[in-house]
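Colleague: As given, the protein sequences belong to chains A and B, one line each in that order. First residue of the first sequence? That's 1 in the numbering used here, and the numbers climb one at a time after it. First residue of the second sequence? That's 1001 in the numbering used here, and the numbers climb one at a time after it. Ideal Cβ positions, reconstructed from N, Cα and C, are used throughout, including at glycine.
2 protein chains.
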Amino acid sequence: MDYYSGYITKLIDELSSLPGVGSKTAGRLAFHILDMPQDEVEGLANALVEAKKNVKFCKCCQTLTDQEICPICSSEERDQKTIMVVETTKDMAAYESVGEYKGVYHVLHGAINPMAGITQNDIRLKELFERLKDDVDEVIIATNSSVEGEATAMYISKVVKPLGIKVTRIASGVPVGGDLECIDNVTLLRALQGRVTI
Amino acid sequence: MDYYSGYITKLIDELSSLPGVGSKTAGRLAFHILDMPQDEVEGLANALVEAKKNVKFCKCCQTLTDQEICPICSSEERDQKTIMVVETTKDMAAYESVGEYKGVYHVLHGAINPMAGITQNDIRLKELFERLKDDVDEVIIATNSSVEGEATAMYISKVVKPLGIKVTRIASGVPVGGDLECIDNVTLLRALQGRVTI
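1) Going along the chain, which unbroken runs of the beta strand (DSSP E) with 3 or more residues stay wholly within the stretch 125–169 of chain A?
2) Measure from the alpha carbon of K1102 of chain B to the alpha carbon of each residue in B:N1185, B:D1122, B:E1077, B:G1110, then state which is nearest.
3) Do you know how far the Cα of G22 of chain A is from the Cα of L29 of chain A?
4) Please report the distance separating the alpha-carbon of Y7 of chain A from that of V1055 of chain B.
5) Along the chain, where does the alpha helix (DSSP H) that runs through H1032 of chain B open and close?
6) V1055 of chain B touches chain A at which residues, Cβ-Cβ below 7 Å?
7) Suppose you measure from the CA of Q1038 of chain B to the CA of K53 of chain A; what does that come to, to the nearest Å?
8) If you pair each beta-carbon of the stretch 133–141 of chain A with each one of the stretch 165–174 of chain A, do three or more pairs fall below 8 Å?
9) Could you tell me which chain B residues have their CB closer than 9 Å to the CB of T143 of chain A, listed as they occur along the chain?
10) Among A:F129, A:R131, A:I112, A:E130, which one has its Cα closest to the Cα of D122 of chain A?
11) So with CB distances below 7 Å, who are the chain B contacts of E50 of chain A?
12) So what does DSSP say about L18 of chain A, is it helix, strand or coil?
13) Under 8 Å between the Cβ atoms of H1106 of chain B and C1070 of chain B?
14) So, with DSSP's three-state summary, where would you put N113 of chain A?
15) My assumption, with CB atoms under 8 Å, is that V1159 of chain B sits in contact with I1083 of chain B. Please give the rounded CB distance.
16) Note the first and the last residue of the continuous alpha helix (DSSP H) segment covering T89 of chain A.
17) Cα separation between L44 of chain A and K81 of chain A?
18) Just how far apart, CA to CA, sit E1087 of chain B and N46 of chain A?
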């Protein structure tokens, strides 16, 4: 793409390195950015650098935050004895957007995946087990319903149960509004096994 | 989205303002950026600011470039008497990637669109007509095959023809590899009207 100016080529290359951004999308974004007012471009660039500089892991739940201890871990309104274990900060945000959960979280930043060489030591499990030395009533495992998520859930329950702490797993089944005929067999089987009396 | 740190929310907001980036994509990009090494994030931010600062319009063909006169306009290997008129720098790059065209370009940065209030004075037509005072053999109109592109082509040909300069329009028809049954009626009609003897 040497028919563009070097600065444009560089910008397109940088943007293409982002996930889900191919060279066509990168081109569209680059020309949009060149069309934006100078101060807006600087605003975007600053947001990138400032976020990277200031965001760190919460010392307690390991979520991404700009404070030593994140607002949820330091909140007196949250039940600090119930810990929901999630894979990513985004999963935590998903449950926060529901608004019903009043406990706290623990973000693993990944899941056990031996095929990719990710063991229990590569995700933030050590920090979770450290927290269990305090007074904890329940650990809710909300890892994804994937092979890796299930393996991680299994591992956590094996370690935590002997400590006498209640371990639960979020329900697996038919999504609300889901059409039975479009749902895969494993999910249908799980929904049957997990049936509840009404 | 106040369950994220302020810096993350700000970054997601900034990214969402880009075209084709919704809040979900912005979230994915933001967390990817937080995962990138600090120097890569700074590289991306710099690419944004540097491109915006250094890229300007070529004094001759109006394309986006970092020089006063772009490499194509200043090349002695290009036929400076044949001007292809395109809507955007990306369209020019598309023809450059083909590699066959040896003339020069003129980038309008838009097309006439009365519905959106864009008249012949809002795109870089004045600069095109100024160039025609030099010795020009042919003006190839390669605006898009949309209503706006056609209107712009019509307007240019009306102004340029009386100057005694040859005006041509790129062919409209069935795309190579295109399946006739999937192609719209207007294109089929154009392809028929524009048929060539073999």
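Modeller: The structure says:
1) Listed in chain order, the complete beta strand (DSSP E) runs (minimum 3 residues) inside the stretch 125–169 of chain A are 138–141, 166–169.
2) Comparing Cα-Cα distances from K1102 of chain B to each of B:N1185, B:D1122, B:E1077, B:G1110, the minimum goes to B:E1077.
3) Their Cα atoms are separated by approximately 11 Å.
4) For Y7 of chain A and V1055 of chain B, the distance between alpha carbons rounds to 7 Å.
5) Note, H1032 of chain B: alpha helix (DSSP H), 1023–1035.
6) Taking a Cβ-Cβ threshold of 7 Å, the residues of chain A close to V1055 of chain B are S5, Y7, I8, L34, in chain order.
7) Cα to Cα, the separation comes out at about 8 Å.
8) Output reads yes: the stretch 165–174 of chain A touches the stretch 133–141 of chain A.
9) Ordered by position in chain B, no residue passes the 9 Å Cβ test against T143 of chain A, which lies about 17 Å from the chain.
10) Selected option, being the one with the closest Cα: A:I112.
11) For the C-beta of E50 of chain A, the chain B residues within less than 7 Å are, from N- to C-terminus, Y1007.
12) Correct three-state label for L18 of chain A: coil.
13) Result no, Cβ atoms of H1106 of chain B and C1070 of chain B do not sit closer than 8 Å.
14) In this structure, N113 of chain A counts as strand in the three-state DSSP scheme.
15) Incorrect: roughly 13 Å between the Cβ atoms, too far for contact.
16) Residues 89–98.
17) Taking the straight line from one Cα to the other gives about 39 Å.
18) Near 32 Å, if we compare the C-alpha coordinates of N46 of chain A and E1087 of chain B.
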